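Asks:
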Amino acid sequence: MFAGPLFLGSGSTASGAQDSGNRPTGVSIPARILDEELQEIVANPIRIDETKVIGWDQPGGIPEPMPLVSALAVVVGPSTDRAVTPVWRYVRERAGDHEAMVAPYVRFTDGQIVPGNLTADGDAPRWRNAWLHPLPLDLERIREVRLVEGAVVPVATEADEVVLVNGDRLRGLVDSIDTHLVLEREDDPEGDPLRIPLDRVASFALVNPEDPPRGTIVWLLGGHRLGCEGVVVSGDNYVRLDAPILGGESIEIPYEFLRGVVFDARRSTPLAALPITVEPGLAGPIRSWIPEPSIEPGNWAWNAAPIRLTGPLRAEWRLPVAGCRVAATLELPLDSDQGRLEAVIRDGGREVRRITLDAENPVHRIVVPLETDRLGLEIEMGADGPFHDVVTLREAIVVRPVD
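Numbering of the sequence shown is given in the working numbering, commencing with residue 3 and proceeding in unit increments.
1. If you follow the beta strand (DSSP E) that residue 240 is part of, which residue opens it and which one closes it?
2. What does a CB cutoff of less than 8 Å around residue 336 pick up in its chain, not counting 5 residues either side in sequence?
3. If we count the other Cβ atoms within 10 Å of its Cβ and call it buried at 16 or more, is residue 212 buried or exposed?
4. Would residue 177 and residue 184 qualify as a contact pair, given that the criterion is a beta-carbon distance under 8 Å?
5. Just to confirm the assignment: which complete beta strand (DSSP E) runs, minimum length 3, are found wholly within the segment 158–227?
6. Along the alpha helix (DSSP H) that carries residue 89, what are the first and last residues, could you check?
7. What residues in its chain sit with their C-beta under 8 Å from that of residue 151, if we drop five residues either side in the sequence?
8. Beta strand (DSSP E) containing residue 75: first to last residue?
9. Can you tell me whether residue 288 is buried or exposed? The criterion is at least 16 other CB atoms within 10 Å of its CB, across all chains shown.
10. Below 8 Å between beta carbons: does that hold for residue 229 and residue 217?
11. Which whole-angstrom value is the C-beta distance of residue 74 and residue 38, which I expect to be below 8 Å?
12. What's the gap between the Cα of residue 209 and the Cα of residue 144?
13. Helix, strand or coil: how does DSSP classify residue 274 here?
14. Do you know how far the Cα of residue 180 is from the Cα of residue 363?
15. Might you give, ordered along the chain, the residues of its own chain that have their beta carbon closer than 7 Å to the beta carbon of residue 197, omitting 5 neighbours on each side?
16. Return helix, strand or coil for residue 283, following the three-state DSSP convention.
17. For residue 192, tell me which candidate among 247, 174, 162 and 55 has the shortest Cα-Cα distance.
18. Between the Cα of residue 220 and those of 246, 352, 355 and 333, spot the shortest distance and give me the residue it belongs to.
19. From what residue to what residue does the beta strand (DSSP E) around residue 2 run?
20. Find the nearest neighbour of residue 299 within the set 340, 67, 243 and 94, judged by alpha-carbon distance.
21. What first and last residue would you give for the beta strand (DSSP E) that runs through residue 68?
22. Figure out for me which residue from 386, 205, 87 and 50 has the closest Cα to the Cα of residue 154.
23. Hey, could you find the ends of the beta strand (DSSP E) residue 109 is sitting in?
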């Protein structure tokens with residue numbers, strides 16, 4: 003893992019840091035701060051306290067404070083494939099963030115994800131993690147658990163589902179967990195509950211309803227997604243999570259593990275989490291089939307996984323409410339860097355932006371305020387025909403209007 007001191011030296015304010023000579027120094031990790039208008043401020047390094055976010059234009063440079071109430075999110079690392087350095091690629095691959103998670107984890111009903119492993123306190127199972135206190139397996143708060151590395155995790159829709167280490171699947175109601183998982187079987191509701199030793203269980207999923215996320219959400223390398231009441235990034239190279247939603251005291255995590263922060267989880271939704279429909283659009287006469295959009299696997303800040311669209315096509319997303327604001331970075335993928343296309347952004351059926359992407363201009367960031375609850379993106383072929391007309395949407399998020 004790389005060492006990335008955020009900021010060496012102390013000081014309660016940005017001006018204090020300068021006046022005392024304690025400017026940010028040393029090796030740091032570039033980050034970006036998003037304000038309420040989704041404008042992006044590049045900062046290297048950053049600091050967060052209880053009232054503000056401070057970004058420096060460069061290590062040892064000029065600080066720019068932003069009131070915390072005006073900040074929407076923070077992301078650490080490059081925004082495009084072209085900007086990925088060998089060091090950053092190594093960090094992601096070492097943490098397993100470049101692919102779908104294979105490590106054991108617990109996902110809670112509010113979307114928090116805690117990698118780790120199962121331990122015990124007497125007969126009571128506990129989930130052990132590097133940063134949190136040992137967590138009880140509270141069945142009311144859990145959505146899914148993987149106990150064995152690489153095991154398939156089922157999707158529970160109408161009944162709880164358990165996958166055994168031999169691949170067998172059982173459905174019913176998970177009644178309790180101690181040294182055994184106790185399951186009331188769907189195919190034998192009148193029979194005695196089945197007691198399965200935990201070392202025979204590979205994974206399980208429960209039909210508990212999803213809860214909306216709340217508070218501040220922090221993404222860390224390795225697949226962690228943790229909720230808390232507040233986050234502080236200070237001058238000692240640590241990130242402090244105050245009042246974790248999963249309980250326990252404040253926790254401190256080395257800054258090099260930080261991937262992203264959303265300060266109010268109720269406001270933003272990743273575009274990759276919303277359903278998408280595609281059709282040929284203007285390319286109908288020449289396209290009888292359209293490749294399905296693909297969501298890149300891995301661990302991504304804000305859950306904003308890259309979305310790859312192979313055009314020409316017309317895509318549309320139904321947003322949570324009308325009047326949202328959308329931000330995304332459009333990139334011509336490296337494997338299609340000779341493409342030449344027009345990306346047309348629509349608010350409902352109305353064109354609001356037209357962007358040319360080609361080898362000379364392969365990246366373009368957009369911020370689009372919408373009046374309707376429908377976001378449209380049409381990829382129109384360039385003058386050289388329907389070749390390499392591919393767009394990847396990176397860090398695409400939808401922000402609800404303030405109530």
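From the three backbone atoms N, C-alpha and C, an ideal C-beta is built for every residue, glycine too.
Quick caveat, the model's predicted, so the values are computed rather than measured.
Replies: Quick answer:
1. Sequence index remark: in the sequence shown, residue 240 carries index 238 (1-based). Counting along the chain, the beta strand (DSSP E) containing residue 240 begins and ends at 240–246.
2. Mapped onto the sequence shown, residue 336 falls at position 334. Within the same chain, residue 336 has close Cβ partners 83 and 84.
3. On the sequence shown, position 210 is the one that residue 212 refers to. Result: exposed.
4. Stepping through the sequence shown from its first residue, residue 177 is reached at position 175. Stepping through the sequence shown from its first residue, residue 184 is reached at position 182. A contact, by the Cβ cut-off of 8 Å.
5. 162–166, 171–179, 182–187, 196–199, 203–207 and 218–222
6. One-based indexing of the sequence shown puts residue 89 at position 87. Unbroken alpha helix (DSSP H) run through residue 89: 88–97.
7. For the purposes of this step, residue 151 is identified with residue 149 of the sequence shown, where counting begins at 1. Within the same chain, residue 151 has close Cβ partners 104, 105 and 106.
8. Taking the first residue of the sequence shown as 1, we reach residue 75 at position 73. 73–78 is the span of the beta strand (DSSP E), which, as asked, contains residue 75.
9. The residue you call residue 288 lines up with position 286 of the sequence shown. Classification of residue 288: exposed, given that the 10 Å Cβ count is below 16.
10. As a first step, residue 229 is located in the sequence shown; it is residue number 227 there, counting from the start. As a first step, residue 217 is located in the sequence shown; it is residue number 215 there, counting from the start. Cβ atoms of residue 229 and residue 217: closer than 8 Å.
11. Looking up residue 74 in the sequence shown gives position 72. Looking up residue 38 in the sequence shown gives position 36. Indeed they touch by this definition, with Cβ atoms about 6 Å apart.
12. Position 207 of the sequence shown, counted from the start, is the residue given in the question as residue 209. Position 142 of the sequence shown, counted from the start, is the residue given in the question as residue 144. If you take the alpha carbons of residue 209 and residue 144, they lie about 9 Å apart.
13. Residue numbering aside, residue 274 sits at position 272 when the sequence shown is read from its first letter. The answer is helix: DSSP assigns residue 274 an H, G or I state.
14. The count along the sequence shown starts at 1 and reaches residue 363 at position 361. The count along the sequence shown starts at 1 and reaches residue 180 at position 178. Near 58 Å, if we compare the C-alpha coordinates of residue 180 and residue 363.
15. The residue labelled residue 197 in the question sits at position 195 within the sequence shown. Around residue 197: 182 and 184.
16. Translated into positions along the sequence shown, residue 283 becomes position 281. Looking at residue 283 - three-state DSSP - the assignment turns out to be helix.
17. Start at 1 with the first residue of the sequence shown, and residue 192 comes out as number 190. The option with the nearest alpha carbon to residue 192 is 174.
18. By 1-based counting over the sequence shown, the position of residue 220 is 218. Taking only the C-alpha atoms, the option nearest residue 220 is 246.
19. The structure shown does not extend to residue 2, since the chain spans only 3 to 405, so no value can be given for it.
20. Taking the first residue of the sequence shown as 1, we reach residue 299 at position 297. For residue 299, the nearest C-alpha among the options comes from 94.
21. Within the sequence shown, numbered from 1, the residue matching residue 68 stands at position 66. 65–69 is the span of the beta strand (DSSP E), which, as asked, contains residue 68.
22. For the purposes of this step, residue 154 is taken as the residue at position 152 of the sequence shown. Of the listed residues, the one whose Cα sits closest to residue 154 is 205.
23. Here residue 109 refers to the residue found at position 107 of the sequence shown. Segment 107–110, the beta strand (DSSP E) holding residue 109.
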